[in-house]
Structure formats: structure tokens, C-alpha cells
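Visitor: Let me begin by handing over the structure; questions about it come next.
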Amino acid sequence: MKTTHLQHHPSLGYLAADSLRKLPVGLLLPHECSGFVSFRAHPFRKPERVIKNLHAALRPLSMYDSGSYCFYGVQSDSPLAPLLLWDGAHFLNVGEKITVIEDTEFECYLDREYFAGSLKVIERSATSVTYKKVARLAAESDDDLDGWSFCLPVGPGDATVLNAVVKRILEIDVPRKEILLCGTPGSNFAYFDKVRIVGQDITAPPVQICKKKNRLALEAGFSNLVILHDRVFLPRNFGEIVRRFGPRYPLMTLQSMFFDNRLSMHPRRYSDYGMALGAIASGLQGVSRNCSDAASIAPSIFPEIERTGFSYASAMRYNSDSCYATGSLYICRKEVWNAFPLDESLYWVEFEDIEHGMRLSKAGVPCRVNPFGITQSITSRALLGSETLVQSASGKLGRIGPRYFSVLNKKPLINISSKTALARLHQFASKYLVSRAAVSIPTGVCHISVRAWIELINHVVQQSTFKNDIGTVREFISDFERLVLFDQLPSTRQEFLVNRCGFHDT
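The sequence shown lines up with residues -16 to 489 when you count with our numbering.
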């Protein structure tokens, strides 16, 4: 029997080896184990293998040899247990056994829904459970990392950024690939002959982002999926990155950077790997939009989600059942995705990524970061350009944000021309201004400064009038988002504006 002694990376602040009790000298195992894994040391026997500096972005696949495995105290000693047990179950051969032993009564991670059809319990006590693997798991239908489906939900707007994203995908170092678009891209899209378009029957508004991504997963021709937004610029050596991480991966993502200046200096982290906080992480639920079932993310609790918040999570830590890959980039096996698809009752910017990540985690599919590469977000949502929370390796929360004052020329915050922006503001004014002469909108200018644009918006909004009923107020807010802000207001801000008008019916 080969023994493996695991030791946490010291920066995590997780339990250190010398703070844990030693393994029992006369430990009796329920069956013969080829591999024994624990964070606890034996009183006098040296382990065959020591893995130091373990963290969530490190995948110690070398310890999963052939034969049966035993994990002792792993769930109680380490937050990384779900990641270790996921790999243990997936690299276990069919017909072999895996045992999880703890000091006290416990709920075993391998009892979760994802493992139910492949791991059969053959022996259970209050402190130990042994499974026999009777079938392959969904993520191990094959170990092929050469065939990939790159899937992008798209809309009919300008395709300049989409062209750059698709061009990069065509350059990626994988032997076999396909590119799927869900929706019809803008007329200036340059690669109609290189992509397959699906889901043109999916209507908008509202933007049914979950339905689009689920359709892409169903239509994909390869078992390895990359579902990404059309602003995510992948590394050219993506094939090397996933091969280094290895097969049989769970829901996975890459860390992402955004540069707000044209010289690509001073990057900041942007929309990659998050962690729910507060009441949502503690299990608060609401009523689903399409039925009376309880759901972890639902319209009735959107304001509470925004109030209690979420943060960027550290790639080195694992926060069980509260981590999630943001919707910008998913790397997942097709069989896993189709078993646990996105909730189609949720629409664009309705925290569908948080719901998905938490639901998968509770079902037994963890989310983790592949540390061998990063992506670049070419554009940024205006509302994501403010200061936000970020978790450090030690678990402490800090803050990151944009550089408001810089000598470097900034990228446009909103990907829209002055001509189009002024035309839409004119459309908004035509609907809500009593007198067209109240505000003059210079629709013919080539360029408008930031100050002039903000002053113009302020004048238009100040002079706007509408009926004082809740339907009209919500219509005004919707038009403001669509024609002036070019983004969606947070739910808390929408409700604040409705309440300011004297309505409390949400």
C-alpha cells in the first residue's frame, strides 16, 4: 500500500500537518487499499509520497495509481476534500473500491447526486463508507483532450470584437475543433464559412442567455465544451493549458484580465471565478419564476443577492458550495453540462452563473480554476467597472478597482459610437420630453466629450415626464437602460427608483 501525506500551502491558513493528530497505529481498513491518502502523518512510518503546498489550483494526479483508494480524515481536515474526492472517484478503475474514513459521523461527499449511478455503497458505518465503482462517471466518457467545441452566444450587433475572438479560436493549438454560434451575428461578421449557427429560433428580449448556452451544449459535436462570451480572448496555447491540467476535470474556468487602457498596462481581474457571500451562501431561497419550486436564485431575492453580495474568489482556495465560474467562460464536459444545465427561467444578468455553480457544487460537481493560462476580456460592462471585493489566498477580503486617474488613454467604456448613442438618446427624448425644444441633442457631431455627454443625459432625464403608475415607471426605467445607459441597472437600484415614485409593489 502506497501512502500519500498531503500538506496544505501555508498561505491558505488551512490546518498544518503538525496541528493534526497522528494516524492511529493500529488502523484497520475495511478492504485492501493500493493507495492511502491523508493530511495526517503516521507516528513512525514515513509515507511513500509527500505532496507539499497543496492548494485548489494544484491537481495532484500522480497519487491516483491503479487499485483501490482510502481517504482518511480528508473531509474534516481540508476544505479541498471535494476536489480530491472528485479526482479519486474519476481515476478509480471500474470494479475497484474507494473508502472515506472520518473520526465522527459525517455526510460523505461521494453520496451526492452526480456520483449516484457510478458508485455503489457496499459497506457503511457512522464513520466510514466504502463504494465500489460500477460504471464510468459522466466526466470520464473518454480522456480525449484533442477535440473541442467552442460555443458563443451572440447577438445582431457590431461584430468587430466577435471577429477578433473567432480569429483567435481558429489559431488555437488543438487538433480538432468546431465553432458554434447561438444567434445571428452582425452583418460585418467575417467568418460565416468557419462557424455553425444554431438557435436562431430563440427570441429576445429578454436575452435568454441560459437557453442559448444550453442549446450550444446540446448541439456541440465534441465532448469538451468551451462556452464563452464574445468578448473573451482565449490564449493561443489553450490546448497546452488543458493538457497540463489533465482530463476528467469538473466545471472549470481560467482567470481573466481586463485592461482599461489602449497600451494593455495595469490589468485588473475581471469576471472569472466568484464566491457568493451572506444570505445566499447560507442557503436563502426564493420562488422560481416559472413554477412554485424553491430556488437558490430567483427574482424575489435579487435585491438580497446584491445587498449581501459576492466577491472574486481566490483560485487557491475552495469554498464549498459557494464558488462559481462566472458566465464569461465555462470549460466543461458535454455530458456533465447536459446533466446539470443552466436554469432557463433566469435571463441575462439575473445571477444565472451563481445559481448554476452553487447547484452543481451541491450535486457533487465542484468548480475550479485551471492555473496554467489566463484570458483577456476585450471589453467590460460599464457597471462592472467599479471597486469590488476580492478574496486573497489567506481568505481575507480586499478591494480592487479601476484606475480612475491615469495618463494612459482609456478604452471606451461603452462599445457604441457617438452617432448611435446620440440617436438613441434622441429616441428616448422623443418619447419622454413634453417639448422638443427643452433640450437640443446634437445628433450630427462626430465626437462628444464625457462631460458633455453626462450633462446632456442629465438635461434629458430632468425634463422627462411620464404617468405615475407602476407599469409606466418600469417602462421608463427599461427605456433608460436600453437607450441611455446601454446596460442593466442592479435590481436594488431599480427597486429604489420604483419606491421613490411611491410604489412598493415589486
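Here a beta-carbon is modelled for each residue, glycine too, at the ideal position from N, C-alpha and C.
Going by the DSSP bridge assignment, what does Ala262 pair with across the sheet?
Guide: Within the sequence shown, numbered from 1, the residue matching residue 262 stands at position 279. Paired residue(s): none; Ala262 is not in a bridge.
Visitor: By Cβ distance below 7 Å, which residues in the same chain neighbour Asp1 in space, the five residues on each side in sequence not counted?
Guide: To locate residue 1, count along the sequence shown from 1; it is residue 18. Nothing listed; no residue qualifies.
Visitor: Could you give the residue range of the alpha helix (DSSP H) that holds Ile357?
Guide: Residue 357 sits at position 374 when you count from the first residue of the sequence shown. Element bounds for Ile357: not the alpha helix (DSSP H) but the beta strand (DSSP E), Cys350 to Ser360.
Visitor: Could you check which residue in Ser45, Pro139, Gly222 and Ser432 has the C-alpha nearest to that of Ser31?
Guide: Taking the first residue of the sequence shown as 1, we reach residue 31 at position 48. In the sequence under discussion, the amino acid at residue 31 is Glu, which differs from the Ser named in the question. Per the Cα distances, Ser45.
Visitor: Does the segment 81 to 90 touch the segment 40 to 55, meaning 3 or more C-beta pairs lie closer than 8 Å?
Guide: The segment 40 to 55 vs the segment 81 to 90: in contact.
Visitor: What are the partner residues of Lys160, as DSSP defines its beta bridges?
Guide: Position 177 of the sequence shown, counting from 1, holds the residue named residue 160. Partner(s): Trp131.
Visitor: Starting from Ser413, trace the alpha helix (DSSP H) in both directions and tell me its first and last residue.
Guide: The sequence position of residue 413 within the sequence shown is 430, counting from 1. Its alpha helix (DSSP H) spans residues Ser401 to Tyr415.
Visitor: Mind checking who Lys116 pairs with in its DSSP beta bridge?
Guide: Residue numbering aside, residue 116 sits at position 133 when the sequence shown is read from its first letter. Its beta-bridge partners are Leu102.
Visitor: In the DSSP assignment, find the beta strand (DSSP E) that holds Ser239 and state where it starts and stops.
Guide: Here residue 239 refers to the residue found at position 256 when the sequence shown is read from its first residue. Per DSSP, Ser239 belongs to the beta strand (DSSP E) from Leu234 to Phe241.
Visitor: Roughly how many angstroms lie between the CA atoms of Ser21 and Ala40, to the nearest whole one?
Guide: Your numbering for residue 21 matches position 38 in the sequence shown. Your numbering for residue 40 matches position 57 in the sequence shown. Near 19 Å, if we compare the C-alpha coordinates of Ala40 and Ser21.
Visitor: Going straight from the alpha carbon of Glu318 to that of Ala121, what length do you get?
Guide: Here residue 318 refers to the residue found at position 335 of the sequence shown. Here residue 121 refers to the residue found at position 138 of the sequence shown. Each residue's alpha carbon lies about 6 Å from the other.
Visitor: Roughly how many whole angstroms lie between the Cα atoms of Phe334 and Met(-16)?
Guide: Along the sequence shown, read from residue 1 onward, the residue named residue 334 stands at position 351. Along the sequence shown, read from residue 1 onward, the residue named residue -16 stands at position 1. Between Phe334 and Met(-16), the C-alpha separation is close to 46 Å.
Visitor: Can you tell me which of the three DSSP states Thr110 falls into?
Guide: For the purposes of this step, residue 110 is taken as residue 127 along the sequence shown, with counting starting at 1. Coil.
Visitor: Cα separation between Asn482 and Ser(-6)?
Guide: Position 499 of the sequence shown, counted from the start, is the residue given in the question as residue 482. Position 11 of the sequence shown, counted from the start, is the residue given in the question as residue -6. Those two C-alpha atoms are separated by around 46 Å.
Visitor: Alpha carbon to alpha carbon, how far is Asp462 from Phe411? Give it in angstroms, no decimals.
Guide: The residue labelled residue 411 in the question sits at position 428 within the sequence shown. The residue labelled residue 462 in the question sits at position 479 within the sequence shown. Going from the Cα of Phe411 to the Cα of Asp462 covers about 7 Å.
Visitor: Let me know the beta strand (DSSP E) ranges lying completely inside the segment 267 to 327, each 3 residues or longer, listed in chain order.
Guide: Counting whole runs of 3 or more residues, the segment 267 to 327 contains the beta strand (DSSP E) stretches 293 to 295, 306 to 308 and 312 to 316.
Visitor: Pairs of beta-carbons, one from the segment 386 to 403 and one from the segment 412 to 423, closer than 8 Å: are there three or more?
Guide: Short answer: they don't touch.
Visitor: Could you check if Ser328 is buried or exposed, using at least 16 other CB atoms within 10 Å of its CB as the buried criterion?
Guide: As a first step, residue 328 must be located in the sequence shown, where it is residue number 345. Burial call: buried.
Visitor: Output the distance between the C-alpha atoms of Thr489 and Ala109, rounded to the nearest integer angstrom.
Guide: As a working mapping, residue 489 is identified with position 506 in the sequence shown. As a working mapping, residue 109 is identified with position 126 in the sequence shown. Here the model assigns Thr489 a pLDDT of 45, short of 50, so the residue's position is not dependable, and the following value carries that caveat. Going from the Cα of Thr489 to the Cα of Ala109 covers about 47 Å.
Visitor: Short check: CB of Met248 to CB of Phe242, under 9 Å?
Guide: Counting from 1 along the sequence shown, the entry for residue 248 is found at position 265. Counting from 1 along the sequence shown, the entry for residue 242 is found at position 259. Yes, the Cβ-Cβ distance between Met248 and Phe242 is below 9 Å.
Visitor: How would you label Val178, buried or exposed, when you count the other beta carbons within 10 angstroms and need 16 or more for buried?
Guide: Translated into positions along the sequence shown, residue 178 becomes position 195. The residue is buried, with at least 16 neighbouring Cβ atoms inside 10 Å.
Visitor: Could you tell me the distance, in whole angstroms, from the CA atom of Ser474 to the CA atom of Phe175?
Guide: Counted from its first residue, the sequence shown places residue 474 at position 491. Counted from its first residue, the sequence shown places residue 175 at position 192. The straight-line gap from Cα to Cα measures roughly 37 Å.
Visitor: Indicate, with yes or no, if the ligand MG has a heavy atom lying under 8 Å from the CB of Leu37.
Guide: Summarising the ligand content, the structure contains no ligands, and the ligand MG is consequently not present.
Visitor: In this structure, how does DSSP classify Ser2 when only helix, strand and coil are distinguished?
Guide: Walking along the sequence shown from the start, residue 2 turns up at place 19. Looking at Ser2 - three-state DSSP - the assignment turns out to be helix.
Visitor: So, with DSSP's three-state summary, where would you put Thr489?
Guide: Here residue 489 corresponds to residue number 506 of the sequence shown, with the count starting at 1. Any reading at Thr489 must be qualified, since the residue scores a pLDDT of 45, below 50, and its modelled position is unreliable; the value itself is stated next. Of the three classes helix, strand and coil, the one that applies to Thr489 here is coil, per DSSP.
Visitor: So, at 6 Å on beta carbons, what are the nonlocal neighbours of Asn398 in its own chain, with the 5 sequence-adjacent residues on each side left out?
Guide: As a first step, residue 398 is located in the sequence shown; it is residue number 415 there, counting from the start. Once the five neighbours on either side are set aside, the close Cβ partners of Asn398 are Thr362.
Visitor: Alpha carbon to alpha carbon, how far is Ile105 from Gly169? Give it in angstroms, no decimals.
Guide: For the purposes of this step, residue 169 is identified with residue 186 of the sequence shown, where counting begins at 1. For the purposes of this step, residue 105 is identified with residue 122 of the sequence shown, where counting begins at 1. So the alpha carbons of these two residues sit roughly 57 Å apart.
Visitor: Rounded to whole angstroms, what is the Cα-Cα separation between Leu408 and Ala346?
Guide: For the purposes of this step, residue 408 is taken as residue 425 along the sequence shown, with counting starting at 1. For the purposes of this step, residue 346 is taken as residue 363 along the sequence shown, with counting starting at 1. Approximately 46 Å, taken between the alpha carbons.
Visitor: Determine the burial state of Ser490: buried for a count of at least 16 other Cβ atoms within 10 Å of its Cβ, exposed for fewer.
Guide: Because the chain in this structure spans residues -16 to 489, residue 490 falls outside the shown range and cannot be described.
Visitor: For Asn244, which residues in the same chain have their Cβ closer than 7 Å to its Cβ, ignoring the five residues on either side in sequence?
Guide: For this step, residue 244 is matched to residue 261 along the sequence shown. Excluding positions up to five away in sequence, the list reads Ser389, Leu391, Asn392, Lys393 and Lys394.
Visitor: In its own chain, which residues sit with a C-beta less than 6 Å from the C-beta of Arg214, not counting the 5 before and 5 after it?
Guide: Here residue 214 refers to the residue found at position 231 of the sequence shown. Result list for Arg214: Val144, Ser360, Ile361 and Thr362, in chain order.
Visitor: What residues match up with Leu500 in a beta bridge as DSSP calls it?
Guide: The structure shown does not extend to residue 500, since the chain is modelled only from -16 to 489, so the question has no answer here.
Visitor: Of all the options Gln445, Lys195, Val149 and Pro189, which has the alpha carbon lying nearest to the alpha carbon of Phe216?
Guide: On the sequence shown, residue 216 is found 233 positions in, with the first residue counted as 1. The option with the nearest alpha carbon to Phe216 is Val149.
Visitor: First and last residue of the alpha helix (DSSP H) that includes Thr455?
Guide: Start at 1 with the first residue of the sequence shown, and residue 455 comes out as number 472. Ile453 to Phe463 is the extent of the alpha helix (DSSP H) around Thr455.
Visitor: Using the C-alpha atoms, what's the distance from Leu93 back to Val443?
Guide: Here residue 443 is taken as the residue at index 460 of the sequence shown, counted from 1. Here residue 93 is taken as the residue at index 110 of the sequence shown, counted from 1. Going from the Cα of Val443 to the Cα of Leu93 covers about 59 Å.
Visitor: If you run the structure through DSSP and keep just helix, strand and coil, what is Leu11?
Guide: Working through the sequence shown from its first residue, we reach residue 11 at position 28. Here Leu11 sits in coil by DSSP.
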